[in-house]
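Enquirer: Got a structure for you, questions after.
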Amino acid sequence: MAIKENNKNLLLLTGKRIKHLRKEQGLSLRKLAQRCDVDFSDINKIEKGERNMQMTTLFELAKGLEVHPRDLFDFEMERE
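Structure follows, in structure tokens:
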């Protein structure tokens, strides 16, 4: 299913935040994937804003990054 244009920015910002948290901890994609049982190629697509993740994936990523799920959304969004 194609991602709606107005949701792409949210996916990009969330992906950048996840990548920032991962790099801040010195984790590779593969290491994070091992920690949270999410395929590294899926994490890569999420970080690029190419994949809309399920709620369960979000919680797995937060667990793997050892952060609260809300920390994955700690970024500023432009208001339309």
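Counted the way the numbering used here counts, the sequence shown spans residues 45 to 124. Every residue gets a Cβ at the ideal spot worked out from N, C-alpha and C, and that includes glycine.
Under the three-state reduction of DSSP, which class applies to residue 60: helix, strand or coil?
Expert: Sequence index remark: in the sequence shown, residue 60 carries index 16 (1-based). Of the three classes helix, strand and coil, the one that applies to residue 60 here is helix, per DSSP.
Enquirer: Please report the straight-line C-alpha distance between residue 85 and residue 64, rounded to a whole angstrom.
Expert: Residue numbering aside, residue 85 sits at position 41 when the sequence shown is read from its first letter. Residue numbering aside, residue 64 sits at position 20 when the sequence shown is read from its first letter. Each residue's alpha carbon lies about 17 Å from the other.
Enquirer: Ordered along the chain, which non-local residues of its own chain (more than five positions away) have a Cβ less than 7 Å from that of residue 90?
Expert: The residue labelled residue 90 in the question sits at position 46 within the sequence shown. Contacts found: 59, 62, 97.
Enquirer: With DSSP collapsed to three states, give me the class of residue 108.
Expert: Taking the sequence shown and counting its residues from 1, the one referred to as residue 108 is at position 64. Helix.
Enquirer: Measure from the alpha carbon of residue 54 to the alpha carbon of each residue in 94, 76, 78, then state which is nearest.
Expert: Numbered from its first residue, the sequence shown carries residue 54 at position 10. Answer by Cα proximity: 94.
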